[in-house]
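K.L.:
In my numbering, the protein residues as written are 117 to 255.
As structure tokens, then:
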């Protein structure tokens, strides 16, 4: 059975930032990679049951000021479950940011299905990037 992930990408990209809006100067890039099949990062892919898929959310600060109080929100797509515990240590964050992973019921374990929130503490400097990621397995 072949599962198309393309439609899920729109579902999981529920990203919000809890500071004043900076318009297009703060940009997000969302990519997905089929780890099992060794695919390149893309905005869409195909996968089969049992495949591990990695979602990456990249944030770029193109403003004239550092930004803070950043929250990124995503969700485990339908027909998948978390394949690994989400760790901020696996994220690509500048040294000026730390991270907390929060779920509505405080569950961050393999098999989790639901909303994921990253609270980035500190400041993302001008011209800097931050990345959070998580892996799911297709059921």
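For every residue, glycine included, the Cβ atom is placed at its ideal position computed from N, Cα and C.
Quantities reported herein were computed from a predicted structural model and do not represent experimental measurements.
Quick check: what's the CA-CA separation for residue 219 versus residue 244?
P.N.:
Spanning the two alpha carbons is a distance of roughly 26 Å.
K.L.:
Of the residues 145, 214, 193 and 160, which one's Cα is nearest the Cα of residue 232?
P.N.:
Answer by Cα proximity: 193.
K.L.:
Tell me the DSSP secondary structure of residue 224 in three-state form.
P.N.:
Correct three-state label for residue 224: coil.
K.L.:
If we ignore side chains and look at the alpha-carbon of each, how far apart do residue 185 and residue 161 end up?
P.N.:
Each residue's Cα considered, the two are about 32 Å apart.
K.L.:
Less than 6 Å between C-beta atoms, sequence neighbours within five positions excluded: which residues of the same chain meet that for residue 224?
P.N.:
These residues qualify, in order along the chain: 201, 202 and 217.
K.L.:
Identify whether residue 156 lies in helix, strand or coil by the three-state DSSP scheme.
P.N.:
Three-state result, residue 156: coil.
K.L.:
Which residue's Cα is closest to the Cα of residue 234: 175, 142 and 164?
P.N.:
Checked all of 175, 142 and 164; the closest Cα to residue 234 is 175.
K.L.:
Please state if the CB of residue 197 and the CB of residue 241 are separated by a distance shorter than 7 Å.
P.N.:
No.
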